[in-house]
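All remarks here apply to the structure that follows.
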Amino acid sequence: SHQFVVKDCSPPNLLCINGLTQQLEPPDCQVSFAASSFILSLTDNCTPNNQIQIGIRKAGSGTGFPTTDTMTYLKCDKGTNFVEIVARDASGLMNTCNSYVLVQDGDSDCVCNQDGDLDFRGCLRKGDGFKLNNFQLRTRVVSTSGVTPTVNKYRVTNYQDSCYSSITEKLPFGGNYLATVQAVKQDYPLNGVSTFDLVLISKHILGIESFTSAYQALAADVNRSSSVTTFDIVETRKLLLGIYDTFPAVPSWRVIRPLANPASLLSFSSTLDTYQIVLPNLQDDHVLPGLDFVAVKSGDVNFSADVSTLQPNDDDRSEVKPPLRLRFDRARLRAGEEALVAVSLGADVQTEGWQMSLGFDRSSLQCVGVVGLPAEQYRFTENGLLRLLDVLPAGQTLLAGTPLFFLKLRATHDTELSQSLFLDSALQPELYEEGAGRRMLELGKKNLNYPVSMATH
């Protein structure tokens, strides 16, 4: 007897075509080729054709049998790309042929980038939902790994519109990045802040009328204690009276990310002022939409700040009532005379509070004191003005002729009060009529000459 071993010693017979051409088409800007697309003929002496394995790889990129049977080309692979096609029979015998792929840009829209751009997009609104413009956006993108040298790109952009689009360019592909986005708004601290805000804060604290939005609570929390207390009233009153130029503990606007549930008044701990975005293995340009912010004006509980909004506020369409006139019980003072002058309203009104700023012609008249108001509710400023306010959260009826307060006045020359007393806009003269909104206060000559009762306040 004789033993024979029969072996397959011949690899597959493989013949490839001489190249393929394909165009990149937007929006994907990529094209794939199967290894079978390059085969002109394929046979084997032992293995049926449907059992012969076919693979493809970039020419010169390896040995052995390829790990894939397709090749995908992107917009940066435009031009001629050489490939190797490998056939393997059931005995593991392999044969190789070479070809190429010509990748073209059909519409010149598939631009090759060696680095990526990030486009941050969002809008800014007030706590009441109205659009807000004139703000600053700050973005920073830093590489955390994958690129050398490290990347640290910081960008500050001012926007006049309510929405923004800020682009950070030329971030090398393959790197891991961390992006942060923050918005900032500067403003006059007293913008939108009035004694009516003190009324609303007092009502909230006393349980008369609670806030309906966490953004109101954030506006009221001017000492940044994560709560609304009488200390916030004290701090806001100091700003109104001119003791403070700004709030010591908070900026003029607190710009934060929108709260998930603004109706929950316990959202202090969940407020964030920055977006942080992790971008691993960057390989393309990215648009990052929906990075919105809400701006809360410190001290402005009723969202009345003048921000040149891009759409009308409902308050602008409310009924405008005639102003209330202030009256004095003296029309004139003689040189050297000192008098206690009563200041009252010219009409009965149900009010929750009021504020005003009085100025004096110091060449003829001096104000040396105030009677009828607690000391913490008025202040003489450095420029000679007198700021006064009163908070009545439970409401009170003020009768015409009943003094709001008394001014201790001293005349250095004969003077008409109508000539030497005036209302100043440093603290907008206004009264808050219960259930009817704001009423402006005004002076007039006939008011100053109108006699009133000297009844106690």
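Just so we're aligned, residue 29 is where the sequence shown starts under the working numbering, counting upward by one. Beta carbons are placed, not taken as given, at the ideal position from N, Cα and C, and that holds for glycine.
CB-CB length for residue i against residue j, believed under 8 Å
i: K213; j: F163; result: 4 Å
i: V256; j: I229; result: 6 Å
i: V209; j: Y303; result: 4 Å
i: S297; j: S253; result: With a Cβ gap of about 12 Å, S297 and S253 do not count as contacting.
i: Q244; j: V329; result: 5 Å
i: L121; j: P200; result: That pair is no contact at about 44 Å.
i: L469; j: E458; result: 6 Å
i: A439; j: G364; result: 7 Å
i: P290; j: A242; result: 5 Å
i: R415; j: L269; result: 5 Å
i: L52; j: G134; result: 6 Å
Buried/exposed call for residue i, threshold 16 Cβ in 10 Å
i: Y96; result: Note that residue 96 corresponds to Thr in the displayed sequence, not to Tyr. The residue is exposed, with fewer than 16 neighbouring Cβ atoms inside 10 Å.
i: Y460; result: buried
i: C37; result: exposed
i: G92; result: exposed
i: G374; result: buried
i: L338; result: Because the pLDDT of L338 is 46, which lies under 50, any placement of that residue in the model is unreliable, and the number read from its coordinates should be weighed accordingly. Exposed, because fewer than 16 other Cβ atoms sit within 10 Å of the Cβ of L338.
i: I82; result: buried
i: Q383; result: buried
i: A63; result: buried
i: S292; result: exposed
i: A288; result: exposed
i: S222; result: buried
i: H30; result: exposed
i: G235; result: exposed
i: T425; result: exposed
i: Y182; result: exposed
i: Y192; result: buried
i: S89; result: exposed
i: D343; result: Confidence in D343 is poor, its pLDDT being 46 and thus under 50, which makes the residue's placement too unreliable to answer from.
i: R282; result: buried
i: K198; result: exposed
i: S69; result: exposed
i: T71; result: exposed
Whether residue i touches residue j by CB criterion (7 Å)
i: S448; j: S392; result: yes
i: V114; j: T100; result: no
i: S127; j: F61; result: no
i: P421; j: V262; result: no
i: D442; j: S385; result: no
i: L218; j: T172; result: no
i: V335; j: L435; result: no
i: N161; j: S190; result: yes
i: F433; j: G400; result: yes
Legend entry - Cβ contact (3+ pairs, closer than 8 Å) linking the region 404 to 421 and the region 347 to 358: no
Legend entry - Ranges of the beta strand (DSSP E) found wholly within the region 60 to 139, counting only runs of at least 3: 67 to 71, 81 to 86, 98 to 102, 107 to 116, 122 to 133
Legend entry - Any 3 or more C-beta pairs closer than 8 Å across the region 318 to 332 and the region 145 to 157: yes
Inset, instruction - Decide yes or no for the touch test of the region 309 to 317 against the region 140 to 147: beta carbon pairs closer than 8 Å, at least 3 of them. - result: yes
Inset, instruction - Let me know the alpha helix (DSSP H) ranges lying completely inside the region 241 to 269, each 4 residues or longer, listed in chain order. - result: 242 to 248, 258 to 268
Legend entry - Continuous beta strand (DSSP E) assignments of at least 3 residues falling wholly in the region 163 to 223: 163 to 173, 180 to 187, 191 to 200, 204 to 212
Inset, instruction - Report the residue ranges of all beta strand (DSSP E) runs contained in full by the region 411 to 440; include only those spanning at least 3 residues, in chain order. - result: 414 to 426, 431 to 439
Legend entry - Unbroken stretches of the alpha helix (DSSP H), 4 residues or longer, contained in the region 354 to 383: none
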